[in-house]
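Residue numbers (this note's numbering): 1200 to 1329. Notes for the one structure printed next.
Here it is as structure tokens:
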């Protein structure tokens, strides 16, 4: 793949951003350094980087895909109220990998687990409204 300054800026933005940004968020962040970059360019490059395995695409049900610079298999938790995505500090659920590898005629190339719930900030806000 040919080097692109814009692609590198997009990649570095995701790599150094712990919030697992969406394409819209990456676009807003990148525009501070590259004001003329289009949202389409950001989407194309995020998809290309994810397809090449340089970024991890986190598919969020009923929301925008998020992107992560940590591409090794790990687990995420999604707040279904505010949409934030967090890393979970453990990588393997006991026995899950062994069970998956035991499926006949199937080769595991990776996995993602997205746990859904409500974050502490959203719970606090709900308690204040009650």
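We treat Cβ as the ideally placed atom computed from N, Cα and C, and that holds for glycine. Everything numeric in this text was worked out from a predicted model, so none of it was measured.
Item: Proximity test, residue 1224 beta-carbon vs the ligand SAM heavy atom, cut-off 7 Å; Value: Looking at this structure, you won't find the ligand SAM or any other ligand, since it has none at all.
Item: Straight-line gap, residue 1288 to residue 1276 (C-alpha atoms, nearest Å); Value: 10 Å
Item: Inter-stretch contact (C-beta, 8 Å, three-pair minimum) for the stretch 1204-1221 and the stretch 1262-1277; Value: yes
Item: Buried/exposed call for residue 1210, threshold 16 Cβ in 10 Å; Value: buried
Item: Cα-Cα separation between residue 1231 and residue 1212, rounded to whole angstroms; Value: 11 Å
Item: Residue 1252 versus residue 1328: straight-line alpha-carbon distance, rounded; Value: 43 Å
Item: Reduced DSSP category for residue 1206 - H, G, I as helix; E, B as strand; rest coil; Value: helix
Item: Option in 1286, 1214, 1305 and 1242 with minimal Cα separation from residue 1312; Value: 1286
Item: Delimiting residues of the alpha helix (DSSP H) encompassing residue 1238; Value: 1238-1250
Item: Cutoff 8 Å; reference residue 1270; Cβ partners in own chain excluding five residues on either side; Value: 1252, 1253, 1254 and 1255
Item: Residues bridged to residue 1342 [DSSP beta-bridge criterion]; Value: Residue 1342 lies beyond the stretch modelled for the chain, which goes from 1200 to 1329, so this question has no answer here.
Item: Integer-rounded CB distance, given that residue 1248 should sit under 8 Å from residue 1229; Value: So it is not a contact: roughly 13 Å between Cβ atoms.
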